[in-house]
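Protein chains: 2
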Amino acid sequence: MVNDSEWIRFKEEARARLLRDREIGYLDPDIWDLLEAFMGREKTFTYSSCSGRITVIDSFYPWSRKDSSVIYKNHLMLPSDELLRIIERKHMRRLWLIVQGPILHAYTKDYEEAWTILKTAREVGFKHSGILVENRKGVLVELRTGIRMVHLLKDKVPPTLEEMEEIVKVANEILAKGKEKKDQLREAILSIGNNSVKLGENPEGESQLHNSV
Amino acid sequence: MVNDSEWIRFKEEARARLLRDREIGYLDPDIWDLLEAFMGREKTFTYSSCSGRITVIDSFYPWSRKDSSVIYKNHLMLPSDELLRIIERKHMRRLWLIVQGPILHAYTKDYEEAWTILKTAREVGFKHSGILVENRKGVLVELRTGIRMVHLLKDKVPPTLEEMEEIVKVANEILAKGKEKKDQLREAILSIGNNSVKLGENPEGESQLHNSV
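These protein sequences, in sequence, are chains G and W. Going by the working numbering, the first residue of the first sequence is number 18, and it counts up by one from there. Going by the working numbering, the first residue of the second sequence is number 18, and it counts up by one from there.
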């Protein structure tokens, strides 16, 4: 398993990357608090994350990466007029509207911490969570809910205006459910203790981080 | 971790349960070959499984268990006239058509075997796979693909006949993609060796199983 000095280095790198990503606007607009809660734990750092989002993709199958293009993406909401515009444009394959709940990947220093995180996450509804791999960086956990919509928006036949209204309403509801879960996860992680560290940008925050890992 | 004699007992119980489930028709119609491949491994037994299926549920949200009822389920295909009948009946909340790829839960005797299974499964496309828990029975792995459709069939507005035709066509295609993956998983598991044991019902098969675990 990863040794102490390597762990400190990996975590420091992860922390620097996060601050940089936030700086350049690469992070989801509403994920920072959650990441901060995880980074505050001595034996955890976050690796990748999504706060939940709505996408529309042009693809025969919603899970394909190749022969697939993302034609819309929003982490906050899908406006109805946007969907109308999307439907009116030409597409190549099939249009899928996908709503995804929050997903978080985090490395933990050991299995004990991995199980603590997993147990906590499952209790607030991240039921599709597990350990993905163990490698030189530690134990990689994935936290994921069952909150999801994978809707065939259009093959040849476009949805009616009435249907579009319903789809937008339901998609936004589902996105909101995911955001609620994200906030619940943050609270749960903060509540289990060992969250001594603040992922602040001030020198004090930094030195606290260094001391505690 | 689980000791040898306990492992033999847990695996024997799992094997008996499987044979019983097959006997009473409780197993999915097309999962036996896959389970047999896993049960043939000395350090693995299957715990629960689904070969992939299409369901229609009446629920506000597709992931809810409470306030939710399954009104249709089929592991082999959804006929178009069936969907028409479903749409015409009254429903309480919202109708969701869900296509799910194959899912398998298996216990392994140790982490080494768990990683072997996970690596093999990921290579054939079971990308959403991981370790769920470690307990007195061993290490529980979940094998799962990204093959999925979670389609809002009807809130208030029913789909048109044309749309229904498309939905049925695509849903059946996706189900078939899942079945392909299931077969690929079986082949991959058989190909990695250590599959000395046949899960047969004849006494020879049984004694082979006892000898090898």
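Every residue gets a Cβ at the ideal spot worked out from N, C-alpha and C, and that includes glycine. From a predicted model like this one, the values you see are computed outputs, not experimental measurements.
Practice problem: Go through its chain and collect everything with a Cβ distance to Glu233/G's Cβ below 8 angstroms, but skip five positions before and after it. | Solution: Nothing in the structure corresponds to residue 233/G, since chain G is present only between 18 and 230.
Quiz prompt | Proximity winner among Asp200/G, Ala188/G, Leu202/G and Ser208/G, relative to Lys90/G (alpha-carbon distances) | solution = Sequence index remark: in the first sequence, residue 90/G carries index 73 (1-based). The residue with the shortest Cα to Cα distance from Lys90/G is Ala188/G.
Exercise. Could you tell me whether any Cβ in chain W is nearer than 9 angstroms to the Cβ of Ser146/G?
Key: Numbered from its first residue, the first sequence carries residue 146/G at position 129. It does; some Cβ of chain W falls within 9 angstroms.
Quiz item: Going along the region 179 to 207 of chain G in order, which residues come within less than 9 angstroms of chain W, judged by CB to CB distance?
Solution: For the region 179 to 207 of chain G, which is checked against every Cβ of chain W, the residues closer than 9 angstroms are Glu179, Glu180, Glu182, Glu183, Ile184, Lys186, Val187, Ala188, Glu190, Ile191 and Lys194.
Self-check item: Opposing strand residues paired with Tyr166/G [DSSP bridges]
Solution: The sequence position of residue 166/G within the first sequence is 149, counting from 1. According to the sequence provided, residue 166/G is Met. The question's Tyr does not apply to it. In the DSSP output, where bridge partners are listed per residue, Met166/G has Val116/G.
Quiz item: How would you label Trp24/W, buried or exposed, when you count the other beta carbons within 10 angstroms and need 16 or more for buried?
Solution: The residue you call residue 24/W lines up with position 7 of the second sequence. So Trp24/W counts as buried.
Self-check item: Same chain, Cβ closer than 7 angstroms to Ala33/G, five either side skipped, listed in chain order
Solution: Within the first sequence, the letter at position 16 stands for residue 33/G. Nothing listed; no residue qualifies.
Practice problem: Could you tell me which of Lys199/G, Val150/G, His108/G and Lys28/G sits nearest to Thr61/G, measuring between CA atoms? | Solution: The count along the first sequence starts at 1 and reaches residue 61/G at position 44. Looking at the Cα atoms, Lys28/G is the closest of the given residues.
Quiz item: In chain W, what lies closer than 7 angstroms to Lys173/G by C-beta?
Solution: As a position in the first sequence, residue 173/G is number 156, starting the count at 1. Going along chain W in sequence order, the residues near Lys173/G (Cβ under 7 angstroms) are Glu183.
Quiz item: If you drop the 5 nearest sequence neighbours on each side, which residues of the same chain put their C-beta closer than 6 angstroms to that of Thr162/G?
Solution: As a working mapping, residue 162/G is identified with position 145 in the first sequence. Here the set comprises Gly118, Gly142, Phe143 and Lys198.
Practice problem: Check whether the Cβ atoms of Arg165/W and Ile191/W lie closer than 9 angstroms to each other. | Solution: Locating residue 165/W in the second sequence gives position 148, counting from the first residue. Locating residue 191/W in the second sequence gives position 174, counting from the first residue. Their beta carbons are under 9 angstroms apart, which means Arg165/W touches Ile191/W by this criterion.
Quiz item: Are the C-beta of Gly163/W and some C-beta of chain G separated by less than 9 angstroms?
Solution: As a working note, residue 163/W is residue 146 in the second sequence. True, the Cβ-Cβ gap to chain G drops below 9 angstroms.
Exercise. Kindly list, in the order they appear in chain W, the residues whose Cβ is closer than 7 angstroms to that of Tyr89/G.
Key: Sequence index remark: in the first sequence, residue 89/G carries index 72 (1-based). Within 7 angstroms Cβ-Cβ: nothing; Tyr89/G doesn't reach chain W, min ~17 angstroms.
Practice problem: Would you tell me roughly how many angstroms separate the C-alpha atoms of Ile88/G and Lys107/G, rounded to the nearest one? | Solution: Along the first sequence, read from residue 1 onward, the residue named residue 88/G stands at position 71. Along the first sequence, read from residue 1 onward, the residue named residue 107/G stands at position 90. If I take the Cα positions, the gap works out to 11 angstroms.
Quiz prompt | Contacts that His168/W makes with chain G (C-beta to C-beta distance below 9 angstroms) | solution = Counted from its first residue, the second sequence places residue 168/W at position 151. Those within 9 angstroms of His168/W in chain G are Met166, Val167, His168 and Leu169.
Quiz item: Do you know how far the Cα of Leu207/G is from the Cα of Gly69/G?
Solution: Against the first sequence, residue 69/G aligns to sequence position 52. Against the first sequence, residue 207/G aligns to sequence position 190. If you take the alpha carbons of Gly69/G and Leu207/G, they lie about 20 angstroms apart.
Quiz item: Of all the CB atoms in chain W, is at least one closer than 9 angstroms to the CB of Pro176/G?
Solution: Taking the first sequence and counting its residues from 1, the one referred to as residue 176/G is at position 159. Cβ-Cβ to chain W under 9 angstroms: yes for Pro176/G.
Quiz item: Per DSSP, Phe62/G forms a beta bridge with which residues?
Solution: Here residue 62/G is taken as the residue at index 45 of the first sequence, counted from 1. Answer by DSSP bridge pairing, in chain order: Tyr124/G.
Quiz item: Which residues in the same chain have their Cβ closer than 7 angstroms to the Cβ of Ile48/G, if we skip the five residues on either side of it in sequence?
Solution: Counting from 1 along the first sequence, the entry for residue 48/G is found at position 31. Short of 7 angstroms from the beta carbon of Ile48/G, and not among the five residues preceding or following it, lie these beta carbons of its own chain, in chain order: Ser66 and Ser68.
Quiz item: Ile115/W: buried (16+ other C-beta within 10 angstroms of its C-beta) or exposed?
Solution: Translated into positions along the second sequence, residue 115/W becomes position 98. Answer is buried; the Cβ neighbour count reaches 16.
Exercise. State the Cα-Cα distance for the pair Leu101/G and Ile71/G, rounded to the nearest angstrom.
Key: Residue mapping note: residue 101/G aligns to position 84 of the first sequence, counting from 1. Residue mapping note: residue 71/G aligns to position 54 of the first sequence, counting from 1. Rounded to the nearest angstrom, the two C-alpha atoms are 15 angstroms apart.
Quiz prompt | Backbone CA spacing between Asp98/G and Val156/G [nearest angstrom] | solution = As a working note, residue 98/G is residue 81 in the first sequence. As a working note, residue 156/G is residue 139 in the first sequence. So the two alpha carbons sit approximately 44 angstroms from each other.
Self-check item: Residue interval of the beta strand (DSSP E) (run including Asp75/W)
Solution: Within the second sequence, residue 75/W is the residue found at index 58, counting from 1. Unbroken beta strand (DSSP E) run through Asp75/W: Arg70 to Ser76.
Quiz prompt | Closer than 9 angstroms at the beta carbon, the chain W residues around Glu105/G | solution = What you label residue 105/G is simply residue 88 of the first sequence in a count that begins at 1. Correct list: empty, because the minimum Cβ distance to chain W is about 17 angstroms.
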